[in-house]
Each structure stands twice: as structure tokens, then as C-alpha cells.
Amino acid sequence: MGKGCRVSKLCILIVVLALAAIATIVTLWTLALIKKDEAPWDRYRLPTDLVPDSYNITLWPRLSPDPETGLYIFTGKSSVKFECVRETDLILIHSNQLNYATLENKHIVRLSALDNGSAPAIKSSWLQHETQFLVIQLSDKLTPRQTYELYAEFTGELSDDLAGFYRSEYEEDGVRKIVAASQMHPTHARKTFPCFDEPALKAVFHITLIHPIGTVALSNGMDTAVVNTTIDDIPVTQTTFEPSEKMSSYLLAIIVSDYAYINATQGETLIRIWARRKAIEQGQGEYALNVTGPVLDFFQNYYNISYPLNKSDQIALPDFYFGAMENWGLVTYRETNLLYDPVTSSNRNKETTATIIAHELAHMWFGNLVTLRWWNEVWLNEGFATYVSYLGADYAEPSWDVKDLIVLDDVQRVMAIDALTSSHPLSSEEDSIILPNQITEQFDTISYSKGAAVLRMISDFLSEPVFVQGLNSYLNYFSYNNTEGNDLWDHLEMAVQANDVQLPRPVNEIMNGWVLQMGFPLIIVNTNTGRVTQKHFLLDSESSVPVESPYDYEWLIPIRWMWRGGSPTNVWWLTRKEGVNHQMAQPTNWVLANINATGYYRVHYDPGNWEQLFVQLHRDRQAIPLINRAQLVDDSFSLARAQLLEGLDPLRFISFLVYETEYMPWQTALNNLDYYYLMLDRTEVYQPLQEYILRLVIPLFNHFKILTSDWTLVPERHTDQYNQVNAIQMACKTGLPECQNLTTRWFKQWMNDPQHNLIAPNLRSVVYCSAIAAGDEAEWDFAWTQYKKATLASEASKLMSALACSNNIQLLQRYLTYTLNPAMIRKQDATSVISSVASNRMGQDLAWDFVREQWEYMFTEYGVGSFSFASMISGVTARFSTPAELQQLEEFVNEHSAAGFGTATLSVKQALETTRANIKWVEQNKDRILEWLTTSSRFQI
């Protein structure tokens with residue numbers, strides 16, 4: 000008999016753990032029985048019995064409504080050749096919202112065997128709507144290694160929900176026109192034809208499109224035959240395309256329109272930019288055409304693999320849910336992201352076009368040529384394209400220094416989300432991402448921006464040449480196939496070994512902590528002792544408890560650092576919870592860690608070091624690298640939100656901006672000050688805060704007034720053009736009369752002569768917003784008229800945002816109602832308008848009330864392909880900071896929890912967590928900030 004156990008806390012704990020273990024085993028056993036008894040068609044993943052080889056698809060979209068039903072439809076015929084790898088008497092193939100019934104109410108679905116084999120008869124077939132399958136039960140089993148062909152005829156709706164094969168509408172020269180466009184990604188190919196709609200099931204696609212005479216059809220490959228014919232007494236054009244490369248179903252693209260195009264060649268690749276005829280005639284596609292060639296060249300050299308196709312089509316669509324989609328050989332874009340007018344578009348529009356083109360073309364290799372096996376590792380695909388998009392744009396536009404802007408646009412942006420306990424790891428367990436809504440949720444800021452930040456960090460500590468060498472090996476080895484994330488780590492490790500790079504652990508062990516657990520570390524540097532520690536950084540560490548991590552929220556952290564008068568060091572690795580770097584013991588010199596913010600972490604220092612950095616920024620800010628000036632600002636604000644610094648400390652810290660003229664520190668400060676405005680602009684702190692920021696921004700305003708010869712010139716530097724906008728925006732926002740008079744005068748001049756808008760393109764967004772905020776109904780109505788008349792999408796977008804700047808409640812209410820009418824506000828833009836109104840302190844309550852009143856209608860009537868519920872929830876709750884608002888949010892969640900929140904599920908959790916943290920922050924900081932702002936201490940340097 001073993002040793003006895005006294006009744007103690009330890010003994011009780013052992014008993015509890017044992018009972019918990021037994022309960023877990025019973026639960027898992029029960030679930031296993033349930034899963035075993037579950038019919039295959041009730042599961043969301045395809046069985047592995049069948050593997051597609053190729054599809055032959057003919058689609059005929061009707062670009063006018065059916066006279067009886069008023070619906071726009073398409074008809075189709077498809078056959079898929081597939082191999083049986085394991086005997087089965089069941090065929091499951093994805094199908095969603097397709098009708099297989101003929102006029103005689105018979106299903107046209109046939110199965111045949113190829114290679115002189117025989118196929119079993121179809122015993123029964125039906126549609127399993129919840130799991131989106133066409134289920135076909137056979138009279139006998141299919142034979143392994145035998146190839147079969149499944150043929151189907153079907154009808155679908157060419158709806159306006161922006162998913163699958165859908166309808167986009169626009170007006171040109173008073174004529175209403177229809178585009179039949181596609182968005183198969185991520186799970187919408189099944190809305191267009193029956194298919195094995197999972198990324199690992201690659202196949203070759205043979206496409207034929209039937210369309211009205213006078214229109215043009217496009218697909219992934221070049222057209223091989225265009226024939227005018229008659230079908231069912233209707234004259235049509237039939238366009239046949241060359242077979243696609245072997246690819247995933249989500250990359251298929253099909254378009255029918257009467258668009259025009261411009262073209263060029265880059266090497267042996269034909270490049271075409273497609274858009275509305277007016278847009279092409281006005282030269283709005285020229286910049287995209289000019290930048291595509293250099294970007295393609297860059298990636299061919301970067302990957303050391305030739306572009307796999309003979310053409311690169313890019314097309315601008317009036318209605319498109321995403322920013323763009325990387326369909327192989329036919330990339331689709333929102334108009335705002337592809338079209339650029341040198342006369343009326345801003346410098347920001349130009350950068351957007353360059354970087355988004357680079358992002359999508361990066362996917363031609365990383366994502367299309369080599370594809371992740373399942374959606375649980377979306378981050379590697381999207382994060383990689385985001386990271387290298389800056390490299391591609393930098394190659395095309397070397398004078399912009401655009402590579403540095405990833406710190407502002409992605410690294411800082413995502414850290415605010417990843418510091419919540421409702422964040423999630425980059426990679427998830429494969430069986431945890433099953434439902435279509437779960438798949439869609441993966442395409443979030445974490446996947447894109449954190450993915451990019453982590454890959455940028457890898458490239459830095461490996462060195463870019465070693466990183467690229469591993470990448471090239473990976474792409475060559477897995478071309479036309481599918482991979483898992485570990486495959487990339489294996490090939491990077493091979494490059495590490497080949498180049499004798501010294502790392503503390505193998506690449507996969509280093510990366511597991513960054514990829515398989517959410518969040519990021521805060522490193523704390525004590526410059527008196529050289530002691531460096533790490534901990535999981537959370538905005539609300541007291542009341543928020545993160546899920547357990549297999550790595551106990553510990554990371555292997557590469558740290559580049561410097562001290563006053565020194566140069567940046569090589570990487571020093573923090574491999575445990577704490578370590579000592581004796582060189583960092585610099586009590587009389589400031590120490591700066593995370594040089595150029597290449598590491599995905601925040602840094603905190605002892606009070607003496609913070610003070611020395613503060614003094615240095617005032618005496619000679621150039622001694623601190625530009626990116627780190629921005630990083631210090633961002634870290635100080637975030638540490639204050641996490642209660643690790645006083646809330647007023649970052650306000651004091653940014654007082655060096657009175658001397659600063661560079662864009663990155665200013666933009667970082669403004670991004671963070673936005674939180675202070677959201678929390679405090681409905682309190683007595685608002686006016687003192689306005690006065691303080693005005694004092695900081697006046698020198699910047701005057702700097703650009705002089706630099707531009709009293710606003711008549713455009714700054715030469717790319718980032719100076721951005722910072723000029725900041726200067727005007729904040730000077731007007733904080734009440735500088737000179738600024739407000741300037742913007743009002745410019746807008747009035749345009750109102751007096753609507754045919755000639757003399758407002759500089761770079762300044763239009765800020766001028767429109769400032770003038771509409773200062774004006775009333777006349778200014779608003781004029782802007783609305785110009786919005787409806789705009790022929791350039793980016794100009795319409797600027798006006799659309801500015802209309803939400805009004806301080807007239809009736810106008811804001813009117814604007815919100817427009818979002819329910821696609822004839823007034825396109826579905827793709829509705830959530831953006833609602834969020835813009837909510838960002839206006841006069842519109843916050845209006846937007847929240849509107850969402851609550853209309854939620855059921857919007858959630859029911861607006862499909863996932865056309866409405867970004869996640870961004871809308873984030874937008875309307877961003878200002879929540881009172882117990883009453885938290886109660887309203889909780890009531891809203893409870894009221895609609897039964898129906899669920901679809902793609903907004905994670906955003907709802909984040910909104911609840913953020914609101915609770917906001918309440919605590921305001922309670923702890925408001926009074927102290929007010930006291931500081933209303934004393935002379937704020938002006939002391």
C-alpha cells in the first residue's frame with residue numbers, strides 16, 4: 000500500500016484534478032461517439048475520398064432581369080473530373096444557393112467513369128443547406144484509382160450581395176450598366192458551380208462564358224475563341240479561355256462587362272488594366288499600368304521565379320467587398336484602390352494603388368503558386384503579402400521611403416488589438432476553423448498586420464538575404480501544391496544552416512511562441528542594473544485573464560539596442576523570463592531598445608531612462624532614429640493605457656512635437672491622441688486638451704505655410720505631403736481661426752464655381768471635413784451633390800467621409816438612413832459611413848441608436864459579402880467609456896446572442912473588453928489629466 004495522504008489543500012487539489020481528468024475523458028469519448036454517428040453531410044469538411052483533377056464550366060449570366068420574377072440569374076453547366084482514392088458510395092461536393100431542377104422538375108446530375116470504366120448509378124441526391132453540400136448517394140462503391148466525371152446543370156441568382164457570381168451596377172452617360180463579377184474567396188465558388196471548395200483541392204479550370212454581344216468576358220487565362228452565335232433564339236457571344244494553372248477554387252475569376260482597357264507588356268507578360276470606359280478615357284488606369292510592370296519585375300527577382308502566367312489582368316469594380324482579390328491572372332479591385340487621376344487624386348491615393356497592387360501581385364507566388372492547406376493559417380498568406388507589398392512599392396517608387404511606413408500602418412495598428420485578451424494566435428488548430436463565418440473571421444488585422452510585423456522581424460534577425468533564400472527554396476519545392484506553416488520554417492532553417500547564422504534555437508522553436516500564442520511581450524529594461532525582463536503586455540492586465548498558452552506567454556525575443564553616442568548593436572536574445580545584459584547598465588546614458596521597431600514588442604524603462612530620453616528629444620531629437628521617435632510615442636501612450644505610466648505622462652512626453660516636423664512621430668501621436676479624444680471629448684477635459692494640442696500644432700502649421708509659400712506649393716517629400724495634411728487637420732480641429740478661415744474660403748470658392756475645384760488633391764479630405772463641420776445644410780447638400788456626381792472613386796470616397804463631419808444632428812440622421820438604400824450609398828460603403836458618423840462626437844449616440852434599431856434588418860438582409868459587421872461594431876463602440884454604455888452594449892449582445900453575430904463575433908467580444916478597460920482608464924486618469932492640463936506645468940520643457 001502506498002503512503003497515506005492527509006486531508007489538505009494539496010490532497011483536495013489532486014482529487015479535483017483527477018475528477019476533472021475523468022470528466023474530460025468522458026466528454027471526449029461522448030463527442031467521439033457523436034462524431035462517429037454523425038452523417039458525413041452534416042460535417043463541414045469534405046471527406047478525403049475524392050480528389051478533383053479538372054473542371055469544365057460554362058456559365059451564362061443574364062444582365063437583365065427575368066420578366067416574371069424580376070431576378071437576375073445565371074445558368075450553368077459543369078463537369079468535374081476526379082479520382083477516387085478510397086472506395087466510397089457517397090459523393091459530397093460543395094453547393095450553395097444553386098438550383099438543379101429543370102422545367103420538368105428533374106435534377107440534371109450525371110456520373111460517368113472515364114478510362115473505359117463503369118460508374119455506379121445515382122441512387123438519390125439532395126442539397127444539405129446548412130453544410131452547403133450537394134449529396135449524391137450511389138448504388139455501389141467507387142473504385143480506387145479510377146477517374147470519374149460528375150456533370151451538372153444548374154441555375155443561380157446573380158444577386159448584388161458581392162459574393163460568388165454577383166451583379167454590380169453603375170451609371171455612365173445616363174445609362175445604367177451591369178457587370179457580372181465574381182468573388183469566390185474564401186468559400187463562395189460553391190455559389191457559382193458545384194465544386195470541391197477547399198484550398199488543398201487544387202484543379203485545372205476550363206471556362207466558357209456566354210454573354211451579350213458587345214460585352215467582353217474575362218477569366219484567369221487568355222481567351223482562345225470568341226464566337227458570336229445564337230442560343231435559344233438569343234444572339235450571344237461565347238468566349239472560351241485557355242485552361243488555368245492548377246489552382247484552388249477560391250482563385251477562380253470570371254467577369255462580363257462592356258469595359259475598356261489599356262495595356263503594355265513586361266517581358267513576355269501582357270499587362271492590362273480594365274475599368275469603366277469613362278475611367279479609361281480619363282486616364283485613371285495609367286498609373287496602375289505604369290507601376291504593375293516594375294512590381295512584377297521586383298517579385299520575379301525577389302522570389303527568383305518567373306511570373307507563372309502569360310498575362311496579368313487587373314480590373315476595377317464599382318461594387319466590391321474587399322479592397323482587392325488576388326485571383327490568378329485576373330486581380331479584382333475596388334475602384335478606389337486601382338484607379339488614380341493625377342489631377343484630382345491625392346498622394347495617399349497614389350500610395351494606396353501602389354501598395355495594394357504590390358500586395359496582390361505578391362500573392363501570385365505566395366498564395367497562388369504555393370497555397371496554405373487550410374484557412375487556420377491565413378496569416379502566413381496575408382501577412383506575407385502585406386510585408387512584401389512595402390518592398391514592392393518601394394522598388395516602384397524609391398523616393399517615397401515607404402518601407403518605414405509599415406510601422407505606422409501595420410505594426411502600431413495591430414498592437415492595439417493584440418493587447419486584448421479577446422485577441423487570438425496567428426495560427427489556430429485546423430479543426431477549430433470549420434464554419435464559413437469562422438473562415439471569414441480569420442481575415443482580420445491580426446492575420447494581415449501582425450503577420451506582416453512578425454515576418455518583418457524574422458527577416459531582420461535572419462537578414463533579408465537569408466530570409467529570401469529560404470523563401471525561394473520553399474516556393475520551388477512546393478510549386479502548384481499546398482503547405483503548412485511549419486514547411487516555411489523548415490526551409491528557413493535550411494537557409495540558416497547553409498549560411499551559418501547563429502540563433503539561440505531552431506527557427507520553428509523561435510517562431511512557435513510568436514505564432515501559436517496570442518499577444519506580444521513587453522520588455523522592461525532597467526538601465527541601472529542591465530536587468531531585462533519580459534511579460535505578456537495587456538491593456539487591462541488586472542481584470543482581463545487571457546486563455547492559457549502552451550508557452551506560458553514567454554517569447555524568444557531578438558533585441559537590437561543602442562545608447563547615447565553609440566551605434567545600434569547586433570541582436571541580443573532574451574531567451575527566458577528575465578536576463579542580464581551588462582552593457583545595458585548605463586545609469587548616466589540613455590538606452591534605447593528595439594531599434595527601428597523591427598521587433599514585435601513594446602519597451603518600458605526605469606523612470607530615470609524615460610526622463611533622459613525625454614530630455615534628449617528636446618535637446619536634439621535627431622540623435623534618436625526617426626522610427627524610434629515614433630515608437631517611443633506609441634509605447635508611452637500604450638503603457639499609460641495599461642496603467643504602467645500615468646495617463647498624463649505621454650501628454651508631457653509628446654511636448655517635443657513643438658519642434659518636430661517629421662511625419663512618423665506626428666502621425667503616431669495623432670493616432671494615440673485619438674484615444675484621448677474618444678475618451679474625453681464629452682467631458683470637461685475636452686477644451687483644455689484642445690488648447691494643449693493647438694499649442695503643439697501651431698509651429699507645424701506655420702512650418703508648412705512657409706514651406707509651401709502660403710499654401711500655393713506641394714511639398715516635395717512624400718511624407719511631408721502627409722504631414723502637411725496633419726498640420727491643417729489638427730490646426731482646424733483645435734480651433735485655429737487662420738486654419739478654419741482658410742478651409743472655409745477654399746470650400747466656398749468651389750461652391751461658387753462647382754466646375755472648377757481648385758482645392759489641392761492632397762488637402763481635399765481635410766478641407767471638405769473642416770468646411771462641412773463649420774458649415775450647415777448648404778455645405779452638406781453641395782458635398783452630397785458632388786459625391787453623387789463624382790466620376791473618380793477616390794474623390795467620391797473623400798466626400799463620403801467628409802459628409803459625416805457635420806455638426807448638424809438632423810443631417811447626420813439623414814445620412815445614416817441613406818446606408819439602408821443601395822441607390823444612395825453602395826452596400827460596400829454602408830458600414831464605413833456608419834463608423835464615420837460614430838467617429839464624430841456629435842454622431843456617436845445617433846450611430847449607436849441606428850445600429851441597435853436596424854441591426855436585425857441589416858443582419859438578415861445584408862449578406863456577408865456586402866456588409867462588414869465587424870468593422871461597424873468596432874466603429875460604433877470605439878468611444879464607449881461609461882457604465883451606461885457598457886450596460887447598453889451588454890443588453891444588445893444578450894438580445895441578439897441567440898441569432899449570433901456571424902463575422903462580427905470576435906469584434907463584439909473585443910468591444911466588451913475594450914469598453915470595460917475604457918471605463919477603468921477614464922476613472923483613473925480623467926481628473927489627473929484635467930489638473931495637469933489646467934496648470935502651467937504643461938508648458939515647461
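Residue numbering for the sequence shown follows numbering that gives the first Met the number 0, beginning at 0 and increasing consecutively.
Cβ atoms here follow ideal geometry from the backbone N, Cα and C, with glycine treated the same way.
Just so you know, these numbers come straight off a predicted model, no measurement behind them.
> Closest by CA to asparagine 941, which one among Glu350, Gly901, Ala770 and Ile261?
Replying inline: There is simply no residue 941 to check, as the chain begins at 0 and stops at 940 in what is shown.
> With a CB to CB cut of under 6 Å and the five nearest residues on each side skipped, what residues in its chain are close to proline 424?
Replying inline: The residues Leu515, Gln516 and Met517, in chain order, have a CB closer than 6 Å to that of proline 424 in the same chain once the five nearest residues on each side in sequence are set aside.
>> Which residue marks the beginning of the alpha helix (DSSP H) containing proline 606, and which one marks its end?
In response: Where proline 606 is concerned, the enclosing alpha helix (DSSP H) stretches over 606–619.
> In three-state DSSP terms, what is isoleucine 21?
Replying inline: Reliability fails at isoleucine 21, whose pLDDT of 38 lies under 50, so the model's placement of it is uncertain and no value is given.
>> Taking 8 Å as the threshold (C-beta atoms), are leucine 538 and arginine 640 in contact?
In response: Less than 8 Å separates the beta-carbon of arginine 640 from that of leucine 538.
>> Does lysine 788 pass the burial test, meaning 16 or more other C-beta atoms within 10 Å, or should it be called exposed?
In response: The residue in question, lysine 788, is exposed, as its Cβ has fewer than 16 Cβ neighbours within 10 Å.
> Quick one: Cα of alanine 384 to Cα of glutamate 67, how far?
Replying inline: In a straight line, the C-alpha of alanine 384 is about 46 Å away from that of glutamate 67.
> What residue from Leu62, Val290 and Cys804 has the CA that sits closest to glutamate 168's CA?
Replying inline: Among Leu62, Val290 and Cys804, the Cα nearest to that of glutamate 168 belongs to Leu62.
>> Considering Cα atoms alone, identify which of Ile356, Pro341, Asn595 and Phe298 is closest to glutamate 325.
In response: Among Ile356, Pro341, Asn595 and Phe298, the Cα nearest to that of glutamate 325 is on Ile356.
> Taking the C-alpha atoms as reference points, what is the distance between glutamine 754 and valine 342?
Replying inline: Rounded to the nearest angstrom, the two C-alpha atoms are 14 Å apart.
> Beta carbon of leucine 250, beta carbon of glycine 284: below 8 Å?
Replying inline: No, they are not a contact pair.
>> Going by the DSSP bridge assignment, what does methionine 324 pair with across the sheet?
In response: DSSP output for methionine 324 lists Thr331 as bridge partner(s).
> Below 8 Å between beta carbons: does that hold for asparagine 1003 and isoleucine 558?
Replying inline: A query on residue 1003 cannot be resolved here, the shown segment of the chain reaching from 0 to 940 and no further.
> Once you ignore the five residues that flank tyrosine 685 on each side, which residues in its own chain have a CB closer than 7 Å to its CB?
Replying inline: Within its own chain, the residues whose Cβ lies closer than 7 Å to the Cβ of tyrosine 685, once the five positions on either side in sequence are excluded, are Leu679, listed in chain order.
> Do the CB positions of asparagine 761 and threonine 660 come within less than 8 Å of each other?
Replying inline: The answer is no: Cβ separation not under 8 Å.
> Hey, quick one: how far does the beta strand (DSSP E) through aspartate 222 stretch, first residue to last?
Replying inline: It spans 222–230 - the beta strand (DSSP E) in which aspartate 222 sits, taken as one unbroken run.
>> If I measure Cβ to Cβ from aspartate 196 and keep anything under 7 Å in the same chain, skipping five residues before and after, which residues do I get?
In response: These residues qualify, in order along the chain: His93, Thr186, Ala188, Arg189 and Ser248.
> Since leucine 470 and tyrosine 600 are thought to touch, with beta carbons under 8 Å apart, how far apart are those beta carbons, to the nearest angstrom?
Replying inline: The Cβ separation is near 24 Å, so there is no contact.
>> Need the endpoints of the alpha helix (DSSP H) that proline 882 sits in, please.
In response: Proline 882 -> alpha helix (DSSP H) spans 882–895.
> I think arginine 44 touches isoleucine 433, with their Cβ atoms under 8 Å apart; what is that distance to the nearest whole Å?
Replying inline: So it is a contact: roughly 6 Å between Cβ atoms.
>> Relative to the C-alpha of alanine 287, which candidate in Thr236, Ala392, His205 and Arg412 has its C-alpha closest?
In response: Of Thr236, Ala392, His205 and Arg412, the residue nearest in Cα terms is Ala392.
>> Less than 8 Å between the C-beta atoms of alanine 730 and valine 766, yes or no?
In response: No; because the gap between Cβ atoms is not below 8 Å, this pair is not in contact.
>> Do isoleucine 270 and threonine 291 have their beta-carbon atoms positioned less than 8 Å apart in this structure?
In response: Yes. Within cutoff.
> Going by the CB atoms, is the gap between asparagine 475 and isoleucine 304 shorter than 8 Å?
Replying inline: Yes; because the gap between Cβ atoms is below 8 Å, this pair is in contact.
> What separation, rounded to the nearest whole angstrom, lies between the Cα atoms of alanine 898 and serine 906?
Replying inline: Roughly 16 Å separates the two Cα atoms.
> So, is alanine 497 buried or exposed, given that buried needs 16 or more other C-beta atoms within 10 angstroms?
Replying inline: Using a 10 angstroms sphere on the CB of alanine 497, the tally of other CB atoms stays under 16, which defines it as exposed.
> Under 8 Å, do leucine 643 and histidine 603 count as touching if we go by C-beta distance?
Replying inline: The answer is yes: Cβ separation under 8 Å.
>> Please tell me whether leucine 802 and alanine 772 are closer than 8 Å, where the distance is taken between their beta carbons.
In response: The beta carbons of leucine 802 and alanine 772 sit no closer together than 8 Å.
> In whole angstroms, what separates the C-alpha of glutamate 855 from that of lysine 245?
Replying inline: Going from the Cα of glutamate 855 to the Cα of lysine 245 covers about 42 Å.
>> Only counting the same chain, and skipping five residues up and downstream in sequence, which positions put a Cβ closer than 7 Å to that of glutamate 683?
In response: Here glutamate 683 has Leu929 as same chain residues with Cβ atoms under 7 Å from its own Cβ, once five neighbours each way along the sequence are excluded.
> Using the beta-carbon count (16 or more within 10 Å), is glycine 734 buried or exposed?
Replying inline: Label assigned to glycine 734: exposed.
> For the 8 Å Cβ check, are there 3 or more pairs between the region 106–122 and the region 47–58?
Replying inline: The region 106–122, when compared against the region 47–58, does not touch it at the 8 Å Cβ threshold.
> So isoleucine 941 is in the beta strand (DSSP E); what residue range does that whole segment cover?
Replying inline: This structure does not reach residue 941, given that the chain is present from 0 up to 940, and the question cannot be answered.
> Nearest to phenylalanine 153 by CA position, among Asp848, Gln131 and Pro193, is which residue?
Replying inline: Of the candidates Asp848, Gln131 and Pro193, Pro193 places its Cα closest to the Cα of phenylalanine 153.
> Quick one: Cα of glutamate 463 to Cα of alanine 869, how far?
Replying inline: Taking the straight line joining both Cα atoms gives about 35 Å.
> Apart from the five residues on each side of it in sequence, which residues of its chain come closer than 8 Å, Cβ to Cβ, to asparagine 480?
Replying inline: Its chain contains Lys201, Val369 and Thr370 as the residues whose beta carbon lies nearer than 8 Å to that of asparagine 480, once the 5 sequence neighbours on both sides are disregarded; these appear in chain order.
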